[in-house]
Amino acid sequence: MTPRPAVLRLFLAATLLLGSPAAARAQGGGGARPVKIGATLPLTGAEARIGGFFKEGYDLAFEQANARGGLQVGGTKVPVQLLLQDDTSTQATAVSLADRLINSDRVDFLLGTYASHLVQAQSGVAEQNRVPYVNGGGGATDIYRRGYKYLFGLIAPVELLGDTLMSWIDAEQKAGRLPRPARIALLWENTAHGKDFRKGVSDFVGKRKDAYQILVDDSFELSGKDFSALLGKVKAAGVDLFLVDAHLPDYITMHRQYIGAAMCNKAESYGARGSEKAAVDALGQANVDYVLSSVWWNAQLARTNPQAKVFVDAFQARYHKEPEWFQALAYESARALFTAIEQAGTLDRKAVRDRLAALKIPSLLPGGTLEFPADHGQQAQNTFVVQQNMPDGTAPIVFPPEVATAKGVAPNPRCPR
Amino acid sequence: MQRLVDLAVSAVLLAGLYAAMAYGLGLVYGVLRVVNLAHAGVIMAGAYAGWVLHRALGLDPYLSLPLVVAGSFVLGVGVYVLLVRHLPRGAAGGPQSLLLLFGVWLVLRNVAYLLFTGDDHVIRTGYSTRAVPFLGTWLPVNRLAVFGIAVAVPLALHLLLRHTYAGRAIRAVAQNADSCTLVGIDVERVYALTFGLGTALAGLAGLLSATLFSFNPAFGSSELLKSFVVVVLGGLGSIAGTGVAALILASVEAYSILVLPAYLTSAVGFVMLVVVLVLRPGGLFGQRVLG
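The listed protein sequences derive, respectively, from chains A and B. Just so you know, the first sequence maps onto residues 113 to 529 in the numbering used here. Just so you know, the second sequence maps onto residues 7 to 297 in the numbering used here.
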């Protein structure tokens with residue numbers, strides 16, 4: 113006897129419905145199915161080095177979660193699985209792989225890639241598909257001004273970088289170690305990153321017009337070859353503070369020409385760049401002494417922040433080296449997503465998105481708390497830490513005072529008095 | 007006044023670098039009528055070769071110049087014999103040569119990613135940040151060295167092309183390859199030699215650039231663009247024109263900072279390129295072939 117067609121159709125429909133990922137998500141953690149989290153990283157191409165750092169952070173977070181038996185979802189421990197693809201540092205690949213992860217691999221959630229331009233492109237796919245997308249690699253504020261609901265960023269805006277740097281300078285000025293008014297040369301790479309830096313410094317100066325004057329305000333091309341004309345402009349202006357936002361290659365090229373032109377200013381900074389080993393190797397320790405940098409995170413935070421200590425200890429045990437901010441932001445992105453999933457108690461994307469929007473947890477980031485404020489497009493607003501290169505090769509945190517590991521030095525002792 | 011002197015010094019030193027980057031591209035186009043897109047890949051490879059020799063053997067980058075130039079020459083001859091030789095000559099081979107040499111560039115770039123990752127590298131010597139005073143300004147020692155070599159290269163090329171049999175053969179082939187075949191010149195050999203020389207000059211430019219800048223496997227793209235501008239401005243195939251065009255381009259870029267934001271100064275060169283192509287398609291110095 114053969115089953116009747118109507119019964120067969122009903123059976124097939126029920127099987128398909130029950131077997132679908134949407135149904136699985138709606139059932140929460142009732143089954144042993146692992147939580148599938150997709151991500152792409154630039155493991156090859158121009159951003160390969162940093163992509164590798166992000167992978168270390170993600171891997172550590174997933175290993176720790178699974179070592180604890182998985183995520184607590186709806187009363188059951190569920191293993192968590194990372195589906196990681198190489199986006200080759202290109203926007204088109206990042207977008208198509210995100211689409212594949214969502215619609216072919218059927219991941220539940222996404223973690224972000226690294227670099228603002230990749231996050232900007234990829235997060236659109238997540239938003240269209242209503243998949244929570246948590247990233248620690250896209251810092252440009254433009255990314256978060258699009259009104260996206262499923263996008264969450266841990267990397268604080270570059271505007272705050274400029275603001276934090278100026279706060280240290282302001283404290284030194286108030287202590288009488290820097291001139292008042294201080295004349296500033298503000299140079300920024302012609303990218304979203306550079307424009308945000310410029311805005312941070314300019315907004316700060318705008319509030320303290322009696323204390324600061326911006327005499328040179330100019331941008332330069334990314335990966336420039338010759339900055340001598342621009343540096344000539346700075347030299348002719350006779351400024352006190354030399355504040356630049358540059359990526360590593362431009363920092364090295366510009367500072368080499370800066371030193372070669374026998375220039376020296378009372379405070380020198382290249383934004384987030386300054387203490388990198390590559391820069392010290394390229395320029396020599398003596399030439400980078402007292403350069404200031406403002407970064408999202410540093411392992412020295414472990415001295416004052418318990419969450420940072422847990423991370424640094426685990427990272428060193430796993431990789432036998434000190435983490436940089438890249439690994440920390442990646443690790444914390446995964447941890448934030450895990451926490452939201454556990455708080456939601458379900459794999460329903462909307463419920464997890466709502467938990468992320470309301471999240472407020474102790475964090476390894478400066479300030480010690482992580483949240484995604486809606487009025488900033490769900491981009492975290494944690495402060496930066498200012499470091500200063502010292503002649504002994506260290507780069508202690510000099511600001512903010514509550515996490516400082518040494519006192520900053522101003523004016524720059526490298527300059528002849 | 008001092009500011010104008012500073013800018014003039016910057017322009018002259020920058021011109022040296024631009025010229026060094028463009029000579030090889032101009033030479034290959036002048037003789038083979040092939041736009042060598044692999045030029046960018048060889049610039050990058052030259053930078054890495056200098057870095058490896060400096061790191062592994064402690065060789066000063068200027069002392070490793072002969073090794074890098076020789077290695078690049080062999081690479082160029084190899085690429086010609088194995089690949090470029092099989093392309094159709096003249097206009098018919100244009101698109102094929104562009105695609106083929108673009109492919110060679112991609113292969114070189116990805117080999118570098120495989121060997122050295124995407125990290126930035128630099129060559130640092132004891133004199134990397136040293137400078138000497140001159141007319142109230144400071145001249146970086148490395149830039150002076152690059153400029154000196156950039157001046158010496160066209161002189162050496164001139165002597166080669168004017169006073170040796172191989173040089174005269176290169177000039178003859180550049181003017182009329184068919185006639186050269188009739189009088190017994192081995193045209194294929196001349197092409198291989200020229201491609202090797204052009205590639206050697208790209209390797210040289212890469213090593214010189216590595217003494218000034220940090221580099222990674224993507225290095226060479228913007229250098230290739232600048233080289234194009236210089237070669238087209240100077241007149242395709244004109245070695246002397248290449249040097250003068252490099253000076254014009256560098257001067258325009260340097261002085262434009264007086265009226266333009268710094269990030270627009272390099273765009274000025276491209277605007278100049280378009281204007282020259284419209285008004286004088288043969289370049290500022292005509293279509294002289296290796297004169």
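Backbone N, C-alpha and C fix where the C-beta goes; we use that ideal spot for every residue, glycine too.
| Check | Outcome |
| --- | --- |
| Secondary structure of Leu-298 of chain A, DSSP reduced to three states | strand |
| In chain order, each alpha helix (DSSP H) run of at least 4 residues that lies wholly inside the segment 183-229 of chain B | 183-188, 193-216 |
| In chain order, each alpha helix (DSSP H) run of at least 4 residues that lies wholly inside the segment 374-461 of chain A | 389-395, 397-400, 418-431, 437-456 |
| CB contact check: Gly-157 of chain A to chain B, cutoff 8 angstroms | yes |
| Per-residue contacts from Asp-199 of chain A into chain B (C-beta, under 7 angstroms) | The contacting residues do not exist; Asp-199 of chain A stays about 13 angstroms from chain B at best. |
| The beta strand (DSSP E) enclosing Val-498 of chain A, as first and last residue numbers | 497-500 |
| Cutoff 8 angstroms: Tyr-269 of chain B Cβ touching any chain A Cβ | yes |
| Sequence ranges, alpha helix (DSSP H) only - wholly within the segment 37-124 of chain B, length at least 4 | 44-63, 71-88, 100-122 |
| Thr-143 of chain B versus B:Leu-279, B:Leu-285, B:Arg-9, B:Val-282, residue with shortest Cα-Cα distance | B:Arg-9 |
| Given Asp-282 of chain A as reference, the closest of A:Glu-388, A:Pro-523, A:Cys-527 once Cα atoms are compared | A:Pro-523 |
| Interface flag, Phe-79 of chain B vs chain A, CB-CB below 8 angstroms | no |
| Partner residues on chain B for Thr-152 of chain A, Cβ-Cβ distance less than 9 angstroms | The premise fails here: Thr-152 of chain A is roughly 16 angstroms from chain B at the closest Cβ pair, so nothing lies under 9 angstroms. |
| 8 angstroms Cβ cutoff, Glu-333 of chain A in contact with chain B | yes |
| Any chain A beta carbon closer than 8 angstroms to Leu-231 of chain B | no |
| Partners in chain B for Ala-452 of chain A, counting only beta-carbon separations shorter than 8 angstroms | Residues of chain B passing the Cβ test: none, with the nearest at roughly 32 angstroms. |
| Ala-137 of chain B in three-state terms, based on DSSP | strand |
| Neighbour flag for Leu-279 of chain B against chain A, beta carbons, 8 angstroms | no |
| Closest residue to Gly-480 of chain A among A:Val-497, A:Ala-470, A:Gln-490, A:Val-464 (Cα-Cα distance) | A:Val-497 |
| Helix, strand or coil at Pro-474 of chain A [DSSP, three-state] | strand |
| Rounded straight-line distance, which links the Cα of Thr-365 of chain A to that of Val-85 of chain B | 32 angstroms |
| Contact under 8 angstroms by Cβ, Leu-334 of chain A with Asp-362 of chain A | yes |
| The beta strand (DSSP E) enclosing Ile-531 of chain A, as first and last residue numbers | Residue 531 of chain A cannot be examined here, being either before or after the span of chain A that is shown, 113 to 529. |
| Exposure label - Met-113 of chain A; buried when at least 16 CB within 10 Å | Confidence at Met-113 of chain A is low in this model, with a pLDDT of 40, below 50, so its placement is unreliable and no value can be given for it. |
| Endpoints, the beta strand (DSSP E) within which Phe-166 of chain A is located | Looking at the DSSP string, Phe-166 of chain A is not in any beta strand (DSSP E); the run it does join, the alpha helix (DSSP H), is 160-179. |
| Residue burial classification, Phe-222 of chain A (beta-carbon count within 10 angstroms, cutoff 16) | This sequence places Leu at residue 222 of chain A; Phe is not what is there. Label assigned to Leu-222 of chain A: buried. |
| Residues, ordered as in the chain, of the segment 383-416 of chain A that lie near chain B by beta-carbon distance below 7 angstroms | Ala-390, Asp-393, Ala-394, Leu-395, Gly-396, Asn-399 |
| is_contact[Leu-20 of chain B, chain A] using C-beta, thresh 8 angstroms | yes |
| CB contact flag (Asp-329 of chain A, Leu-298 of chain A, <8 angstroms) | yes |
| Whole-number beta carbon distance between Gly-212 of chain B and Gly-52 of chain B, since they are thought to touch under 8 angstroms | 2 angstroms |
| Residue from B:Ala-46, B:Asn-116, B:Thr-123 whose Cα sits closest to the Cα of Pro-104 of chain B | Pro is not the amino acid found at residue 104 of chain B; the sequence shown has Leu there. Nearest option by C-alpha distance: B:Ala-46. |
| Alpha-carbon spacing of Lys-519 of chain A relative to Pro-513 of chain A, whole angstroms | 9 angstroms |
| Chain-ordered neighbours of Ile-364 of chain A on chain B, where CB pairs are closer than 8 angstroms | Asp-126, Val-128, Phe-219, Ser-220 |
| Rounded Cβ spacing between Val-274 of chain B and Glu-259 of chain B (contact assumed at less than 8 angstroms) | 6 angstroms |
| Three-state class that DSSP yields for Ala-178 of chain B in the structure shown | helix |
| Boundaries (first-last residue) of the alpha helix (DSSP H) holding Glu-514 of chain A | Here Glu-514 of chain A belongs to no alpha helix (DSSP H), and DSSP marks it neither H nor E. |
| Residues near Pro-269 of chain A by beta carbon distance below 7 angstroms, same chain, minus five either side | Gly-251, Thr-253, Asp-308, Gln-491 |
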